[in-house]
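Quick notes on the structure that follows.
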Amino acid sequence: MTIVTIAVPVAGTRMTLAEWERLPEATDRVELLEGVVVVTSSPSEPHQAMVTRLIVALDRACPDEYRVRAGPLGVLVRDLSSGLLPDVVVLRADDRATVDRLPVLVIEVLCPSTRGRDQIDKRRLYARRGIASYRLVDPKHPSLRILELGANGEYVEVANAVGDEPVELVHPFPVRLVPDELLR
């Protein structure tokens with residue numbers, strides 16, 4: 001039997017985007033935020049439940065011109081040396097094979113260890129990349145924040161559903177979501 005050891009970069013160290021792109025797939029919890037390595041913990045059960053339910057709901061409503069994918073699926077922000085791993089991504093069907101693909105929607109499910117990064121750093125970086133729609137889902141206080149890229153290049157919150165309040169999403173395609181139902 002052969003044992004293979006994979007070196008995971010140490011959080012807080014500097015790395016180039018090219019180095020990050022060469023990391024083995026087994027390091028799928030390693031992100032690069034403006035040249036600094038960030039290692040995230042394994043997701044909790046409520047986090048995974050929300051990701052699964054989001055994917056199912058989005059996939060059911062998804063028209064043929066789009067594809068719903070679970071993370072980690074790298075999103076590159078080359079000019080800011082960042083490689084991000086959102087929880088859920090929606091891509092144009094014809095854009096799935098390129099390394100520099102531009103998602104039309106990214107979703108982050110908040111957890112204690114990444115809450116600040118998801119709401120501040122990633123929000124800024126996804127906007128800089130030009131991703132039209134960003135969603136933040138909170139399993140601790142079931143809610144869904146809907147953000148759309150404004151004319152000024154920053155996200156604008158257009159809706160915030162809490163608990164059993166339904167929200168009708170328009171972009172990139174119509175779908176109805178209820179935060180409480182994402183936890184079941």
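Count the sequence shown with the working numbering and you get residues 1 to 184, in order.
Yeah, the Cβ is synthetic: ideal placement off N, Cα and C, and Gly gets one too.
Shortest alpha-carbon distance to residue i belongs to which of the options?
i      : options                       : result
ASP180 : ARG29, VAL36, THR40, MET50    : MET50
VAL68  : ARG101, VAL37, LEU105, LEU33  : LEU105
PRO86  : ALA93, ASP95, LEU80, GLY74    : GLY74
LEU149 : PRO112, PRO103, THR13, ASP95  : PRO103
THR13  : GLY35, LEU23, PRO24, ARG22    : GLY35
TYR155 : VAL56, GLN48, SER81, LEU125   : LEU125
CYS90  : SER133, SER41, ARG184, VAL167 : Sequence check: residue 90 is Val here, not Cys. Cα-wise, what sits closest to VAL90 is SER133.
ALA127 : LEU54, SER41, ASP59, LEU76    : LEU76
VAL88  : ALA11, ASN152, SER41, GLN48   : GLN48
GLU45  : VAL56, PRO139, ALA151, PRO166 : PRO139
ARG129 : ALA11, ARG60, SER81, ASP59    : SER81
LEU144 : ARG60, ALA151, GLY153, ASN160 : ASN160
HIS171 : GLY116, ARG184, ALA61         : ALA61
I'd like to know whether the C-beta atoms of residue i and residue j end up nearer to each other than 8 Å.
i      : j      : result
LEU136 : LEU169 : no
GLY71  : TRP20  : no
VAL158 : ILE146 : yes
LEU17  : LEU33  : no
VAL175 : ASP164 : no
PHE173 : PRO24  : no
With 16 as the cutoff for other CB atoms within 10 Å, does residue i come out buried or exposed?
i      : result
ARG123 : buried
PRO142 : buried
LEU182 : buried
ASP118 : buried
GLU108 : buried
VAL4   : A caution first: VAL4 carries a pLDDT of 48, below 50, which makes its placement in the model too unreliable to give a value.
ILE131 : buried
THR52  : exposed
SER41  : exposed
VAL167 : buried
ILE120 : exposed
Residue i and residue j look like a contact to me (Cβ under 8 Å); what is the Cβ gap, rounded to whole Å?
i      : j     : result
VAL30  : PRO9  : 6 Å
ARG92  : GLU65 : 6 Å
VAL265 : MET15 : Given a span of 1 to 184 for the chain in the structure shown, any question on residue 265 remains unanswerable.
Using a Cβ-Cβ cut-off of 8 Å, state whether residue i counts as contacting chain B.
i     : result
ARG53 : Here there is only one protein chain, and chain B is not present.
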